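Visitor: Residue numbers (our numbering), protein chains in the order written: chain W, 1 to 112; chain X, 113 to 228.
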Amino acid sequence: TQLLEQSPQFLSIQEGENLTVYCNSSSVFSSLQWYRQEPGEGPVLLVTVVTGGEVKKLKRLTFQFGDARKDSSLHITAAQPGDTGLYLCAGVNYSNDYKLSFGAGTTVTVRA
Amino acid sequence: GAVVSQHPSRVICKSGTSVKIECRSLDFQATTMFWYRQFPKQSLMLMATSNEGSKATYEQGVEKDKFLINHASLTLSTLTVTSAHPEDSSFYICSAIGAGAYNEQFFGPGTRLTVL
Numbered sequence: 001t002q003l004l005e006q007s008p009q010f011l012s013i014q015e016g017e018n019l020t021v022y023c024n025s026s027s028v029f030s031s032l033q034w035y036r037q038e039p040g041e042g043p044v045l046l047v048t049v050v051t052g053g054e055v056k057k058l059k060r061l062t063f064q065f066g067d068a069r070k071d072s073s074l075h076i077t078a079a080q081p082g083d084t085g086l087y088l089c090a091g092v093n094y095s096n097d098y099k100l101s102f103g104a105g106t107t108v109t110v111r112a
Numbered sequence: 113g114a115v116v117s118q119h120p121s122r123v124i125c126k127s128g129t130s131v132k133i134e135c136r137s138l139d140f141q142a143t144t145m146f147w148y149r150q151f152p153k154q155s156l157m158l159m160a161t162s163n164e165g166s167k168a169t170y171e172q173g174v175e176k177d178k179f180l181i182n183h184a185s186l187t188l189s190t191l192t193v194t195s196a197h198p199e200d201s202s203f204y205i206c207s208a209i210g211a212g213a214y215n216e217q218f219f220g221p222g223t224r225l226t227v228l
């Protein structure tokens, strides 16, 4: 079983501050996906990173995939209350029926 | 887009009854769908992989006779919780591999099951 360790588990910051969420594994993944989930709803795909060392930006969100494709990070600049939610990283190996291995999740709360 | 719907969004049932949850891909065909279970404040736990036209593949520890999965068409998979008990109360979420560039999974909105 592939394990993805996600940290921190909880993060509470003031509006305007920056935050970083980390996702680490000892296993190599074909790709890694980041999702955001709000209470009572399903996860929504934010980004997929595929290439080692890849950096993708989505407005104030920056996603990085480690060179060895074992780890990833999500950085939010100038966080807003609308960024509040559960952030989940998930790794996938294409040889394993595209099953996702989820991290434990990071609950982010941005206070106004 | 790649829209996945679930029905019902929430259901309350009595212990011992069976409950069926539907998962539909609305704007694409999905040969593979997945069923997850999520407890409060926790991540998603994969229950089974649903393949159109064939038997579902269950993860270790998931009872296939308890959680019946039928994927009869390219746009519909159903999960039936048989003889439900209070410990089956949970948030059930399905996903489908859509037309994304990397075969990403797109998730439904989830179904909140409460067994009294």
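For glycine and all other residues, C-beta sits at the position ideal for the given N, C-alpha and C. Because the structure is a prediction, the values reported are computed rather than measured.
Could you tell me the distance, in whole angstroms, from the CA atom of A168(X) to the CA atom of T223(X)?
Guide: 20 angstroms
Visitor: I'd like to know whether the C-beta of L11(W) is nearer than 8 angstroms to at least one C-beta of chain X.
Guide: no
Visitor: For S189(X) and Y204(X), what's the separation of their Cα atoms in angstroms?
Guide: 13 angstroms
Visitor: Flag E38(W) as yes if its beta-carbon sits less than 8 angstroms from any beta-carbon of chain X, otherwise no.
Guide: no
Visitor: Tell me whether S163(W) sits in a helix, a strand or coil according to DSSP, three-state version.
Guide: Because chain W in this structure spans residues 1 to 112, residue 163(W) falls outside the shown range and cannot be described.
Visitor: Since T144(X) and I209(X) are thought to touch, with beta carbons under 8 angstroms apart, how far apart are those beta carbons, to the nearest angstrom?
Guide: 5 angstroms
Visitor: Please list the partners that T52(W) has in chain X, where partner means a Cβ-to-Cβ separation under 7 angstroms.
Guide: Checking the sequence shown, residue 52(W) turns out to be Gly, not Thr. Under the 7 angstroms cutoff, chain X gives no residues; its nearest Cβ is about 15 angstroms from G52(W).
Visitor: Where does the unbroken beta strand (DSSP E) through N163(X) begin, and where does it stop?
Guide: 156-163
Visitor: What residues match up with R119(W) in a beta bridge as DSSP calls it?
Guide: Given a span of 1 to 112 for chain W in the structure shown, any question on residue 119(W) remains unanswerable.
Visitor: Return the CA-CA distance between C125(X) and R149(X), expressed in angstroms with no decimal places.
Guide: Near 18 angstroms, if we compare the C-alpha coordinates of R149(X) and C125(X).
Visitor: Just to confirm the assignment, what range does the beta strand (DSSP E) spanning Y148(X) have?
Guide: 144-150
Visitor: I'd like the list of long-range same chain contacts for E15(W), defined as Cβ closer than 7 angstroms, with 5 residues on each side in sequence excluded.
Guide: Contacts found: A79, Q80, P81, V110, R111, A112.
Visitor: Going along chain W in order, which residues have a C-beta closer than 7 angstroms to the C-beta of Y214(X)?
Guide: S31, T48, V50
Visitor: Can you tell me where the beta strand (DSSP E) with E5(W) in it begins and where it stops?
Guide: 5-7
Visitor: According to DSSP, is G52(W) helix, strand or coil?
Guide: coil
Visitor: Measuring CB to CB, does L138(X) end up less than 8 angstroms from V115(X)?
Guide: With contacts defined by Cβ atoms closer than 8 angstroms, L138(X) and V115(X) form a contacting pair.
Visitor: Taking 8 angstroms as the limit between beta carbons, can you name the residues of its chain near V92(W), skipping five residues before and five after?
Guide: For V92(W), where only same-chain residues beyond five positions count, the Cβ hits under 8 angstroms are F29, S30, S31, L32, Q33, Y98, K99, L100, S101.
Visitor: Flag this pair as yes or no: are the beta carbons of T48(W) and E216(X) separated by less than 8 angstroms?
Guide: Taking the C-beta atoms as reference points, E216(X) is found nearer than 8 angstroms to T48(W).
Visitor: Alpha carbon to alpha carbon, what distance is there between L58(W) and L11(W)?
Guide: Distance between the alpha carbons of L11(W) and L58(W) is about 20 angstroms.
Visitor: Let's see if you can read the secondary structure: which residues bound the beta strand (DSSP E) around K153(X)?
Guide: Segment: none, K153(X) is in no beta strand (DSSP E) and carries neither H nor E.
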